[in-house]
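Beneath this line is the structure, given in structure tokens, with notes to follow.
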Amino acid sequence: MPIFFEPNDRVFTLRTDKTSYQLQADARGGLLHLYYGPAIDGCSLSHLVAFGGKSFSGCPSDVGTERDYTFDTLPQEFPVWGNSDYRGTALRVTWPNGGSSLDLRYDSHRILPGKPGLPGLPAVYADESEAETLEITLKDRFAEVYVILSYSVLPAFDAITRSVRVENRTGDALKLDNLLSASMDFAGTDWDLLTFGGRWARERNMTRTPVHNGKIVISSNRGASSHHQNPFLVLCEKSTTEDRGCCYGLSLVYSGSFTAFAETDQMDQTRLAMGLNPECFCWTLQPGESFTAPEAVLICGTEGFGSMSRQYHRLYREHLCRGKYKHARRPILINNWEATYFRFDEEKLFAIARQAHELGVEMLVMDDGWFGKRDNDLSGLGDWFVNEKKLKGGLKPLVDRINGIGMKFGIWFEPEMISEDSDLYRAHPDWCLHLPGREPLRNRYQLTLDMSRQDVRDYLFERLSAILGSANIAYVKWDMNRSMMDVYSAVLPPEQQGEVYHRYILGLYELLERIETAFPDVLFEGCSGGGGRFDPGMLYYHPQIWCSDDSDAIERLEIQYGTSFCYPVSAMGAHVSAVPNHQTGRVTPLNTRGIVAMSGTFGYEMDLNKMTDEEKEIVRQQIETFKRYYDLISYGDYYRLSNPAENHRYAAWQFVSEDKKKALLNYVQVLTTANPAPVIIRLRGLDPAASYSVNGMVLTGAALMYAGLRMPELPGDHQAIQIEITAV
Ligand code: GLA
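Each residue of the sequence shown is one higher than the one before, starting from 0 at the first, in numbering that gives the first Met the number 0.
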């Protein structure tokens, strides 16, 4: 059993295959964080905690005149506002009288087999043979307010999930002003923090910063997890590298505004916390009601960043993604967006599809522009009716024709948005988020539908179902192309407007659940102007997400590198696009574009009719190659072999099958140089004692991992190769 309770000193130990996590309800009922890291068996670490008063540290009243107990300095598991802790807290409430102090103490606990789901929220799932759950109930010392902390342990993934439920059992309304999902205090300040920031078309660039006096905060207040910061961070030792040292990942299963911070304190401890962004959150709990915060997923990597990432990949692939396409091979697709933008009709689409099919592509995806009045991005969103001026005869004849040549058909929607120039807006101007009496803030000329409203969701369900039921549609790209503002709902009273950001996300999750249950055979791909909502919450509904609107292969090296710290390759939407690249103007060889896109879900985003015969032959071979390596790429272990942000000369990464019998090395020579020094890549993840055939040689795994493989000198910039390594 992975959860142990030692009743004498009330120590809880959560044990995964390689790690331990320990907490204690101390003699006063304070819930203290004792340890997280490589497994320590059979030891209670309560001796590490320094009790004792300090000047300018307040004591709760039950301490009396002793002054020997203060939350100001103790390492805590769930710090709250108003009980003497002055660091960033995980919960702040407002009582009916306007006060905010809270003092939570241990009340009870229980240990459950398996892992219960969270109401209305996406979460990691596991059965009784895979997980065990500890629920610790804390209670306020003065009022009937209970906080239930859940810890589910999935030993095989070295994962611990945390979530929090607040129950108001008082007779009055209680306001939640701030509620984070997880917080932990680590001993020491000698840590680095990895964050994954960026902007549109430049998502998830990894930054490594030392934690320093004060707080490092990352957050999104855009109503989406955002391009600008990802709800994922890693705390690590200064010496941690890809394959050595300890690191702690913290990932939030949520798609809306979030916050996370690392804070060093006066006692040289470091607090790491994550949850809903309090700038965008406030919730009124009526008597008898409860509120559940989104889930946070912790993975401690004991052998470097790579060990942590591979556990996140396995966990999210197997215990977060759902549905038919969790394991079924996903079709290789061609998307018409960069090929045509809004200028297409059924003949143009068919011509793109036919050529692609000849070369082995399996599905056509019709992107933005097929509905309502939509010749540019100024109008039409919300009118999910086929534009028969563009698609003469409607959707079904086109889909049948595409199916007729043996291809699947996919379609683009942006359900959460509305254009002011649309029939939907003219009929329901109050359906969008907007502030009464003020002009709206537009983004890409569009407004956001109020997804907290049932009538809005019912309309979308009806429209999407009608379209999906009208033809043989195998795939949906679910897009969302703006940051939110004016987050105000026409149907909620003033005192509940602070709930709208979160109610929006709950509404979105409800609609996704409804649609995907109704159409279980459809493959859904998430998108938000590329990777603006690339988060675990979305992965629960969509097994793949368009990684970035930047389709330039060289830029993608860094974007996919950063994304891989938390998310599996099977989730990363990646396509080969035309040159010069539409975002950067760069010309990259087709071979390189193929190799980079193959480290993702793989497809094309261009008109293959415009290629030479020689290029078409390359495409044909790329598709064959991707199919051959599909399992290795999609389910294999992923190893980062270089950091493209630091190494401008080359990028390398590797896939290894679970049985270590097959590996694929990918190498991109980013910039060439005159008279180059040799590049030797040390492989990873092989069996040291096994013999492998590679480049016509037979070498042991040990030789390949400890001595390495010399890369050929490739002619020119942006060249790439793939090298297969097979056990003999
Ligand atoms: C977003 C997506 C693109 C494309 C356009 C269509 O930007 O990321 O892939 O679908 O919308 O408007």
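Every residue gets a Cβ at the ideal spot worked out from N, C-alpha and C, and that includes glycine.
| Query | Result |
| --- | --- |
| The ligand GLA heavy atom lying under 8 Å from the CB of Asn167 | no |
| Per DSSP, the bridge partner or partners of Gly36 | Ser19 |
| Backbone CA spacing between Thr562 and Arg203 [nearest angstrom] | 6 Å |
| Through-space distance from Tyr34 to Ala223, alpha-carbon basis | 33 Å |
| Host beta strand (DSSP E) of Ser569 (start-end) | Counting along the chain, Ser569 falls outside any beta strand (DSSP E), and DSSP gives it neither H nor E. |
| Uninterrupted alpha helix (DSSP H) stretches inside the segment 511 to 565 (no shorter than 4 residues) | 535 to 540, 552 to 562 |
| 8 Å CB neighbourhood of Arg168 in its chain, flanking five on each side removed | Glu143, Val144, Tyr145, Pro286, Gly287 |
| Cutoff 9 Å: Leu148 Cβ touching any chain B Cβ | Structure shown: chain B not included; a single protein chain is present. |
| Cβ-heavy atom distance, Trp480 to the ligand GLA, below 8 Å | As written in the sequence, residue 480 is Asn, which differs from the Trp given in the question. Checking every heavy atom of the ligand GLA against the Cβ of Asn480, one is found closer than 8 Å. |
| C-alpha distance - Ala489 paired with Met183, whole-angstrom precision | 39 Å |
| Proximity winner among Ala355, Gly213, Val697, Arg243, relative to Lys789 (alpha-carbon distances) | Residue 789 lies beyond the residue range present for the chain, which begins at 0 and ends at 727; the question has no answer from this structure. |
| Residue span of the beta strand (DSSP E) that contains Pro209, given as start and end | 201 to 209 |
| Proximity test, Cys235 beta-carbon vs the ligand GLA heavy atom, cut-off 8 Å | no |
| Simplified DSSP state of Gln496, which is helix, strand or coil | helix |
| Contact set for Leu446: own chain, Cβ-Cβ below 6 Å, skip 5 residues either direction | Ile417, Cys431, Pro439 |
| Pick from Gly572, Leu538, Glu645, Val568 that is closest to Ser550, judged by C-alpha positions | Gly572 |
| Buried or exposed (CB count within 10 angstroms, at least 16 for buried), Arg270 | buried |
| Heavy atom of the ligand GLA within 8 Å of Cys526 beta-carbon | yes |
| Three-pair Cβ contact test at 8 Å for the segment 358 to 378 versus the segment 465 to 483 | yes |
| Residues bridged to Lys407 [DSSP beta-bridge criterion] | Met362 |
| Spatial neighbours of Ile404 in its chain, beta-carbon cut-off 8 Å, leaving aside the 5 residues before and after | Ala352, Arg353, His356 |
| Environment of Glu262 [buried if 16+ CB atoms lie within 10 Å] | buried |
| Any non-hydrogen atom of the ligand GLA within 8 Å of Glu413 CB | yes |
| Contact check, Tyr68 vs Pro78, beta carbons under 9 Å | no |
| Simplified DSSP assignment, three categories, for Ile2 | strand |
| CA-to-CA distance, Asn335 to Phe760, given in whole angstroms | The question about residue 760 has no answer here: the residues shown for the chain are numbered 0 through 727. |
| Separation of Phe343 from Phe304, as counted between CA atoms | 45 Å |
| Thr132 - partner residues in DSSP beta bridges | Leu111, Ser151 |
| Continuous alpha helix (DSSP H) stretch holding Thr624: start and end | 612 to 634 |
| Per DSSP, the bridge partner or partners of Ile679 | Arg709 |
| Neighbour-count burial assignment, Glu557, 16 or more Cβ in a 10 Å radius | buried |
| Rounded Cβ spacing between Asn590 and Ile617 (contact assumed at less than 8 Å) | 6 Å |
| Lys325 (DSSP reduced to helix, strand or coil) | helix |
| Asp420 versus Asn375 - alpha carbon distance | 12 Å |
| Distance CB(Trp652)-CB(Tyr560) smaller than 9 Å | yes |
| Residues near Val455 in its chain [Cβ-Cβ closer than 6 Å; skip 5 each side] | Trp430, Leu448, Asp449 |
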